[in-house]
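For reference, the structure discussed in these notes is given below.
There are 2 protein chains.
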Amino acid sequence: MGIQNFHLTFMLPSINNTFYSGAGPILVAVDCIIFGFDKQRLKLLLFKRKVEPFKNEWSLIGRFVKSDESVYTAAERVLEESTGLSGVFMEQLACYGAEGRDPGGRVISIAHYALIRLEEQEEQAVETYQAHWYEVDKVPPLILDHNDMVADAFSKLRRRARYQPVGFELLPEKFTIPQLQTLYEAIYQKPLDRRNFRKKILSMKILEKLPEKDKSGSRKGAFLYRFDENKYQELMARGVDFEL
Amino acid sequence: MGIQNFHLTFMLPSINNTFYSGAGPILVAVDCIIFGFDKQRLKLLLFKRKVEPFKNEWSLIGRFVKSDESVYTAAERVLEESTGLSGVFMEQLACYGAEGRDPGGRVISIAHYALIRLEEQEEQAVETYQAHWYEVDKVPPLILDHNDMVADAFSKLRRRARYQPVGFELLPEKFTIPQLQTLYEAIYQKPLDRRNFRKKILSMKILEKLPEKDKSGSRKGAFLYRFDENKYQELMARGVDFEL
DNA sequence: TCAAAAGTGTTCAAGTTACACCCATGT
DNA sequence: ACATGGGTGTAACTTGAACACTTTTGA
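As structure tokens, then:
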């Protein structure tokens, strides 16, 4: 994250061995790469900074970690404060700790990525506070090393999708197989064969077919499915080969 | 890492918005999970703490990050200070940032794992300064959350071995195919078929056969091989399916 | 001559890829 | 009636898994 003008005084009294010399002052921040899928495209939530420096530039959302909260809690807080969402899937990506990464001061950032289900109303809602959902392949230049974070998060998502199902986190409860395929095509950034995709995903037996159709995508309509949560969790834990 | 008795005074003058409230004081440390392979077994370098608290208990090696060095540099420094080695493969594992993880204070640690070639003399050398090479499946209880770090590092190494070759980092320049197989068996913790292993690894064409034999492992002796660095780098970059 | 590890090929099963036609529906 | 996307099966190929015997050499 970027820093405003700030000054620190950092004192370490009673330092009596080399163990602590030079420790701090380093500020610890979290930044969130928020992925969303709107049944069509994989998107990323970006924010227009309201404060200097970098005012009006695009960036990820972040905050400083408080000394009485865990890093993970801080990331949850960021997510909640910026989107109102809680309880969503989130995982640590990496720590960005280069010395000169933030010209405003010595700040390291623990980047986290989150996967959320994107409903139409939410997609509009965020616009009101200087945020925008960008398609993953149309991300504008961001401040600091945020473009690196985005690239790393996307590549981690791609790798993760190979050995653990990710659909549950990004899709609404009920979805069609073509929608699921569109999601994977967005993640892998390549077209997949309809018949093979269906065969593979059904062979995992994590989908429950519902007696309803979603007709928003075609005249004929596509059957809705739901994840079988137990089997899904089992696959998540075990780790599956989901090479496509 | 663990902390001795310490007190901090942390002042943030001219805080004029919520952006900085509660920021710090958090100390940033790095800990290193150091893997070594001695042609037989995969080992982990552990240290007996010389200072309170946790004096004489086993732990990973770590240090605080200085404010004028990058996190990665700090990890390199730790490695160099504790083993004398530099230029070895090292990669960030994760940030451990739970609030109460270190009873001595608010410290987060960016864990890194390193892979090094283990020569016999080194294996002895470290003993002199309260360190010991433990086999990966015989790691003793460690301080703080260090056992978690070890488990996570080992699991990351296993996953990494599936899509990027790791042998180059852990083996001496010249090695035999049975040695390489032993390494993979140690990583995956399961026996592999000799014929299939040889077939697969040779089909990648990253090995160069030398006209020498290593007779240390058998009467007959096994041919020595060397990695073709160019092709190896190419595979590292591209990422290969090295499922075994 | 024998013990111990190195080296080598083939068969079978499973999984992945490629590919084309009919179906249901709203307009 | 037609345009649009949904749904299905099969054949060729590739890949991974299983498996046993011969070779070399030092003691």
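Taken in sequence, the protein lines are chains D and L.
In terms of my numbering, the first sequence is residues 45 to 288.
In terms of my numbering, the second sequence is residues 45 to 288.
Note that the Cβ used here is the ideal one computed from N, Cα and C, for glycine as well.
Asked, Found
"8 Å contact criterion, which M26(D) and Y276(D) should meet: CB distance rounded", "Residue 26(D) cannot be examined here, being either before or after the span of chain D that is shown, 45 to 288."
"Between the CA atoms of F79(L) and Q174(D) - distance to the nearest angstrom", "47 Å"
"Inter-residue spacing [alpha-carbon to alpha-carbon] between A230(D) and R85(D)", "6 Å"
"Y116(D) at chain L interface by Cβ criterion, 8 Å", "yes"
"The stretch 265-284 of chain L touching the stretch 250-257 of chain L, judged by at least three CB pairs closer than 8 Å", "yes"
"Within 7 Å of chain D by C-beta, residues of the stretch 139-152 of chain L in sequence order", "C139, G141, A142, E143, R150, I152"
"Candidates E96(L), V122(L), R203(L), of which the one nearest L89(L) by Cα", "V122(L)"
"Local Cβ density within 10 Å of K83(L), reported as buried at 16 or more and exposed below that", "buried"
"Three-way DSSP call (helix, strand, coil) for E273(D) in this model", "helix"
"Closer than 8 Å to chain L by CB, I70(D)", "yes"
"Alpha carbon of R282(D) to alpha carbon of S247(L), nearest angstrom", "29 Å"
"Candidates Y157(L), I221(L), Q223(L), K94(L): closest to S199(L) by CA position", "Y157(L)"
"Backbone CA spacing between G68(L) and F108(L) [nearest angstrom]", "With a pLDDT of 49 at G68(L), under the threshold of 50, the modelled position of that residue is not reliable, and no figure is offered here."
"Residues of its chain near S130(L), where Cβ-Cβ distance is below 6 Å and the 5 sequence neighbours each way are ignored", "E124"
"Residues from the stretch 83-117 of chain D in contact with chain L, defined by Cβ distance under 8 Å", "V95, R107, F108, V109, K110, S111, D112, E113, S114, V115, Y116, T117"
"Test: I154(D) CB closer than 8 Å to a CB of chain L", "yes"
"The stretch 223-238 of chain D touching the stretch 88-107 of chain D, judged by at least three CB pairs closer than 8 Å", "no"
"Where D146(D) falls, given that 16 or more other Cβ within 10 Å makes a residue buried", "buried"
"Chain D contacts from the stretch 123-136 of chain L (Cβ-Cβ distance under 8 Å)", "Q136"
"Opposing strand residues paired with I105(L) [DSSP bridges]", "C76(L)"
"Proximity of Q223(L) and F241(L) at Cβ, strictly below 8 Å", "no"
"Length of the line joining the Cα atoms of Q208(D) and K94(D)", "37 Å"
"Between the CA atoms of E166(L) and I152(D) - distance to the nearest angstrom", "34 Å"
"Collapsed DSSP secondary structure at Q225(L) in the structure displayed", "helix"
"Identified DSSP bridge partners for Q174(L)", "Looking at the DSSP assignment, Q174(L) forms no beta bridge with any residue, so it has no partner."
"Minimum C-alpha distance to M134(L) - residue among Y116(L), E96(L), N274(L)", "Y116(L)"
"Same chain only: Cβ atoms within 6 Å of R161(L), ignoring 5 sequence neighbours per side", "P216"
"Every unbroken alpha helix (DSSP H) within the stretch 227-255 of chain D, with a cutoff of 4 residues, ordered by chain", "238-247"
"Alpha helix (DSSP H) segment containing L86(L), residue limits", "Premise fails: L86(L) lies in the beta strand (DSSP E), 86-92, not in any alpha helix (DSSP H)."
"Alpha carbon of E273(L) to alpha carbon of F219(D), nearest angstrom", "47 Å"
"Beta-carbon gap between I221(L) and I187(L) smaller than 8 Å", "no"
"Presumed contact (8 Å Cβ cut-off) between R206(L) and E287(L), rounded CB distance", "6 Å"
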